[in-house]
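Asks: One structure is given below, represented as structure tokens, and several questions about it will come after.
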Amino acid sequence: MKTPLIDIRRLTRDYAGGGLFARPSLTRALDDLTMTVEAGTIHGIVGESGCGKSTLARILMALDRPTSGDVILDGASLFDLSPKELMRKRRDFQMVFQDPFGSLDPRQRVARIVAEPLHVLDEKPSRAAKRERVMAMLEAVGLNAAQAERYPHEFSGGQRQRIAIARALITEPKLVVADEAVSALDLSVQAQVLNLITRLKRERGVTFLFITHNLAVVDAVADQVGVMYRGRLVESGPARAVFERPLHPYTRVLADAEPSVTKFGRPPARPAPPAAALAAPLTHGPPGQGCAFLPRCPLAGPRCAAEAPVLRQVLPGRQTACHHAEQMLCAPA
Ligand code: ADP
């Protein structure tokens, strides 16, 4: 079997809360999360706000450390690396954020912004080589040489996101983590940036971990998808198959609540979701012994209260953490 580019093993991240006057509390942002990402794919991660997506992104970028668990990146544990080794590894994994304006230094010209990550390279390119590389990268993301001397405020939102992508790709990374990278863009600009990402995967073999609350976006670009609920992975598989026939009631609720999943050429999936499933609050309490989705689940039964479902293979390439997956499989699509 091929070695995955990222191998996430039983990742848990607890945040301590409370304070001087409030009772101490613990938020489990990631809960025993295990998944792999294959090289050369676009892997979507979806889930509502607060389910742990950004925590996962920060840990993968080594900007935060897990409470327990490990991340094996290209064969090496991310958390065993010395600061120097980590610095060297930085060229292999980059990040694109939601707000391109906030993440681009307004006082720097585009050429300098895009060149910035090159300082992590062992072999320091000459000024001329650096410039050549920046120009080639700008062209690759659909910008031109004349734009290299401009400042970020002179660009539209979509162009700024292209600049952010050029900066992320300049070190020729193996992995780009895109956290809500197109969420702030208009639909038509979103489609252009998504096309660019798909092309970069195809032509340069870059692996993208595409993190978003927007199912339509993942539906449009992702090869594989992982669905997160309260820090856990509850479903994973090929994106198209997962959205067409969810095997977890939560995925179904998400897909049904997102009519724009059909915007990219799919027929409408199913009638509206059960209102109760959406109305129940999304709260973080201590992890109980039963299924975390139980209070919102239309299929909940006694077993769900007694035993937390583990992620298991239900169909080839399809995994889900639901006791009722077989029932979902038999239900009309
Ligand atoms: P998402 O990106 O899916 O919106 P996050 O990863 O930002 O979710 O957050 C997951 C949970 O962890 C949330 O309940 C959030 O409040 C909590 N959390 C995230 N970062 C911190 C932090 N630095 N301190 C305390 N709690 C945090």
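Going by this note's numbering, the sequence shown opens with residue 4, and the numbers climb by one from there.
The C-beta atom is built at its ideal place from N, Cα and C for all residues, glycine as well.
(1) Label A282 either buried or exposed according to how many other C-beta atoms from any shown protein chain fall within 10 Å of its C-beta, with 16 as the threshold for buried.
(2) Here's the rule I'm using: 16 or more other beta-carbon atoms within 10 Å means buried, otherwise exposed. How should A275 be labelled?
(3) T58: beta carbon under 6 Å from a heavy atom of the ligand ADP?
(4) In or out: S239 buried (at least 16 other Cβ within 10 Å) or exposed?
(5) Taking only the alpha-carbon atoms, compute the straight-line gap between E183 and F211 and give it to the nearest angstrom.
(6) Using 7 Å as the threshold, is the C-beta distance between C294 and P312 below it?
(7) Given A143, which residues of its chain have a CB within under 6 Å of its CB, disregarding the five upstream and five downstream residues?
(8) Which residue or residues does DSSP assign as beta-bridge partners of T70?
(9) How about R168 and I48: are their beta carbons less than 7 Å apart?
(10) Check whether the Cβ of A295 lies closer than 6 Å to any heavy atom of the ligand ADP, and answer yes or no.
(11) Using only CA atoms, which one of D34, G20, L29 and K5 lies nearest to R235?
(12) Tell me whether D222 sits in a helix, a strand or coil according to DSSP, three-state version.
(13) In the DSSP assignment, find the beta strand (DSSP E) that holds L236 and state where it starts and stops.
(14) Taking Q111 as the reference, give the member of Q164, V192 and P155 with the closest Cα.
(15) Under a three-way DSSP split, which group does D83 fall into?
(16) For my contact list, V209 and P176 are in at a C-beta cut-off of 8 Å; report their separation, rounded to the angstrom.
(17) Can you check the segment 128 to 175 for any alpha helix (DSSP H) of at least 4 residues that lies completely inside it and give the ranges in chain order?
(18) To the nearest whole angstrom, what separates the beta carbons of L337 and V74, a pair I think is in contact under 8 Å?
(19) Quick one: is D77 near chain C, going by C-beta distance under 7 Å?
(20) From A260, P252, L314 and G43, pick the residue whose C-alpha is nearest to that of C300; which is it?
(21) Assign G304 to one of two classes, buried (16 or more other C-beta atoms within 10 Å of its C-beta) or exposed (fewer than that).
(22) Can you tell me which residues form a DSSP beta bridge with R26?
(23) Using only alpha-carbon positions, find the residue among R26, L8, A148 and V123 that is nearest to G43.
(24) How would you label L203, buried or exposed, when you count the other beta carbons within 10 angstroms and need 16 or more for buried?
(25) Do G55 and L14 come within 7 Å of each other at the CB atom, strictly closer than that value?
(26) Sort L188, Q164, L81 and E126 by Cα distance to A107 and report the nearest one.
(27) Determine the closest residue to L146 out of R12, V196, V40 and T58, with distance taken between C-alpha atoms.
(28) Would you list the one or two residues that DSSP bridges to I214?
(29) Out of E329, V220 and M98, point me to the one whose CA is closest to P249's CA.
Replies: By the coordinates alone:
(1) Reliability fails at A282, whose pLDDT of 44 lies under 50, so the model's placement of it is uncertain and the value that follows must be treated cautiously. With fewer than 16 Cβ atoms within 10 Å of its Cβ, A282 is classed as exposed.
(2) Confidence at A275 is low in this model, with a pLDDT of 43, below 50, so its placement is unreliable and no value can be given for it.
(3) yes
(4) Residue environment for S239: buried (at least 16 other C-beta atoms within 10 angstroms of its C-beta).
(5) In a straight line, the C-alpha of E183 is about 12 Å away from that of F211.
(6) yes
(7) none
(8) DSSP output for T70 lists no bridge partner at all.
(9) This sequence places Ile at residue 168; Arg is not what is there. No, the pair does not count as a contact, with Cβ atoms beyond the cut-off.
(10) Not so, every heavy atom of the ligand ADP lies at least 6 Å from the Cβ.
(11) D34
(12) helix
(13) Residues R235 to P241.
(14) P155
(15) helix
(16) 7 Å
(17) 130 to 143 and 160 to 172
(18) Because the chain spans 4 through 336 in this model, residue 337 falls outside it and cannot be assessed.
(19) The structure shown has no chain C; it contains just one protein chain.
(20) P252
(21) exposed
(22) R26 pairs with nothing; no bridge assigned.
(23) Put simply, of R26, L8, A148 and V123 the residue whose alpha carbon is nearest the alpha carbon of G43 is L8.
(24) buried
(25) no
(26) The residue you asked about is not Ala; residue 107 is Leu in the sequence shown. Comparing Cα-Cα distances from L107 to each of L188, Q164, L81 and E126, the minimum goes to Q164.
(27) Among R12, V196, V40 and T58, the Cα nearest to that of L146 belongs to V196.
(28) I48 and D182
(29) E329
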